[in-house]
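Everything below concerns the one structure shown next.
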Amino acid sequence: MEGVMSLVRGVIFQPPPSLLVSAMSVVGVVSLGNAGLSELRGNHMKYSKFAAQPSASTSPSPSWSSLPSRTGMLVAYTPAFLAALSSLLLLHHGGIFLVESALAVHFFKRVFETLFLHKYSGTMAAGTAIPISVSYFSVTALTIYTQILTQEALLPEPAVDLRLYGVVLFLIGIAGNFYHHYLLSKLRSSGDDGKKKEYKIPKGGMFELVICPHYLFEILVFYGIALISQTLYSFCVAVGTSLYLMGRSKATREWYLSKFDDFPPHVKALIPFVF
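Residue 1 is where the sequence shown starts when you use UniProt numbering, and the numbers rise one by one after that.
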């Protein structure tokens with residue numbers, strides 16, 4: 001046990017003296033892990049293929065409680081992007097530049113994809129968009145805040161500098177996630193035109209091995225940020241994200257199995273040949 005703790009201390013900063021950061025590290029893992037279990041139990045977050053789909057003969061009719069899907073996804077991603085961008089432009093903590101940049105790039109990509117890549121139909125419940133937005137915003141703000149506290153407390157640097165590895169992993173994750181989102185966008189037959197969206201079994205890239213390679217690469221993005229940051233909080237976020245996306249990907253595979261008789265049985269949910 002002492003050897004494990006020594007190894008951990010060698011690769012992450014000592015947690016800063018903050019009750020908020022300590023509490024949110026635990027809350028993040030527990031809440032995201034619970035969300036992953038909810039996906040496995042059939043209680044899905046209502047977006048993408050698990051959103052309520054409009055019928056082919058009706059157009060979506062947004063109300064105060066529902067938003068056009070594209071708008072809902074912008075609500076989910078934009079505050080986190082603005083938080084990261086504002087920190088990058090307004091704060092002058094040189095040591096957190098890489099963390100701020102990675103977060104800004106990640107959420108800019110999501111906003112860009114929402115505006116110009118993905119095809120949407122139907123609506124998204126405000127009760128889904130707002131909690132996702134709050135979660136992404138708080139993760140972004142707390143990741144940066146934790147890094148600032150760590151530097152201001154003059155905590156000793158970890159023995160092993162993982163930032164370069166983090167940048168490489170982050171870039172692999174960003175590229176892989178974008179590429180597989182691009183492949184998914186090519187399968188969609190309709191956009192914001194009120195027509196029912198037809199799903200097909202994704203092909204190409206790592207879709208030949210897993211049904212959710214975009215989730216796999218998103219996990220790599222958050223582990224890349226964790227390696228850049230080297231704080232306990234950022235690693236907790238990465239672990240929590242992994243737990244949620246494992247549950248979501250398993251539910252997604254089961255959805256495809258229920259919809260397509262010809263779904264390839266060798267295609268796993270998230271990890272090739274394993275899960």
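All residues carry an ideal CB built from backbone N, CA and C; glycine is no exception. It should be emphasised that the depicted structure is a prediction, and the values quoted were computed from it without experimental measurement.
Taking every protein chain shown into account, the CB of ASN177 has 16 or more other CB atoms within 10 angstroms, so this residue is buried. Within the stretch 55 to 142, the complete alpha helix (DSSP H) runs of at least 4 residues fall at 69 to 90 and 97 to 116. Of TYR47, LEU216, SER38 and LEU142, the smallest CA-CA separation from PHE170 is found for LEU216. From the listed residues LEU232, GLU100, ALA83 and GLY72, the smallest Cα separation to PRO158 is found for LEU232.
If the five residues before and after GLY72 are omitted, its C-beta is found closer than 6 Å to the C-beta atoms of MET124 and ALA129, all from its own chain and listed in chain order. Of the candidates ILE271, SER185, PRO264 and GLY166, GLY166 places its Cα closest to the Cα of VAL221. Judged by DSSP in its simplified three-state form, VAL267 adopts coil rather than helix or strand. Rounded to whole angstroms, the separation of the alpha carbons of LEU32 and VAL26 is 10 Å. A straight-line Cα-Cα distance of about 31 Å links VAL75 and SER258.
Straight through space, the alpha carbons of LYS119 and THR252 are spaced by roughly 18 Å.
Taking LEU20 as reference, the option from VAL139, PHE112, PRO156 and VAL210 with the minimal CA-CA separation is VAL139.
Contact annotation, ALA126 with SER38: C-beta distance approximately 19 Å; criterion of less than 8 Å not satisfied. If you ignore the 5 residues before and after VAL99, its C-beta comes within less than 6 Å of the C-beta of GLN147, ILE228 and SER229, all in its own chain and listed in chain order. In this model, PRO272 and ILE211 are separated by some 9 Å (Cα to Cα). Here the C-alpha atom of THR114 lies approximately 6 Å from the C-alpha atom of ARG70. PHE13 counts as buried, since no fewer than 16 other beta carbons sit within 10 angstroms of its beta carbon.
In the DSSP annotation of this structure, the continuous segment of the alpha helix (DSSP H) that includes PHE178 starts and ends at 163 to 185. Sequence-distant partners of TYR77 (beyond 5 residues in either direction) whose C-beta falls short of 7 Å from its own C-beta, in its chain, are PHE107, ARG110, VAL111, THR114 and TYR136. Here ALA153 really is in contact with PRO17; their C-beta atoms are around 7 Å apart, less than 8 Å. Nearest C-alpha to PHE116 among PHE263, MET24 and TYR182: TYR182. Residue LEU88 holds the alpha-carbon nearest to the alpha-carbon of ALA141 among LEU88, ILE172, ARG163 and TYR179. No Cβ-Cβ contact shorter than 9 Å links ILE219 with PHE260. Burial check for PRO265: the Cβ neighbour count within 10 Å stays below 16, so the residue is exposed. Relative to LYS49, the option among GLY224, SER133, SER121 and SER234 whose CA is nearest is SER121. In the displayed model, VAL274 falls within coil according to three-state DSSP, outside both helix and strand. Look at VAL210 here: in three-state DSSP terms it is strand.
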